[in-house]
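I have placed the structure first, in the form of structure tokens, so that the comments after it can refer back to it.
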Amino acid sequence: ANFRYSPLYLGIARTDDLVFIQITANNTRSSDQKKALFKRIVELLGENPGLRREDIFIGLVEVPKENWSLGNGIAQYA
2 ANFRYSPLYL
12 GIARTDDLVF
22 IQITANNTRS
32 SDQKKALFKR
42 IVELLGENPG
52 LRREDIFIGL
62 VEVPKENWSL
72 GNGIAQYA
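Under this note's numbering, the sequence shown is numbered contiguously, ending at residue 79.
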């Protein structure tokens with residue numbers, strides 16, 4: 002399948018080397034923590050393997066912790 006994207010959406014010049022990262026986590030982090038996470042991911046991937054920061058697309062899917070089952074079919078945090 003092909004991932005379709007806009008090469009100039011929001012004024013960010015993307016290339017065909019675009020990498021999409023999706024993180025699913027509890028919804029317990031502040032906006033500042035999320036911003037710091039995104040910034041650090043881009044920094045690290047820029048260092049190794051050398052990705053362009055414009056080509057790193059990160060999606061954070063936040064889930065209430067009671068919506069997780071960590072084994073045995075039990076919602077441990079519900």
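We put the CB at the ideal spot given by N, CA and C, even for glycine.
Asked: Residue burial classification, Asp18 (beta-carbon count within 10 angstroms, cutoff 16); Found: exposed
Asked: Cβ-Cβ separation, Val62 to Gln23 (assumed contact under 8 Å), whole Å; Found: 6 Å
Asked: Pairwise C-alpha distance: Phe21 and Tyr78; Found: 29 Å
Asked: Identity of the residue in Ile42, Gly74, Thr29 nearest Ile59 by Cα; Found: Ile42
Asked: Boundaries (first-last residue) of the beta strand (DSSP E) holding Gly60; Found: 57-64
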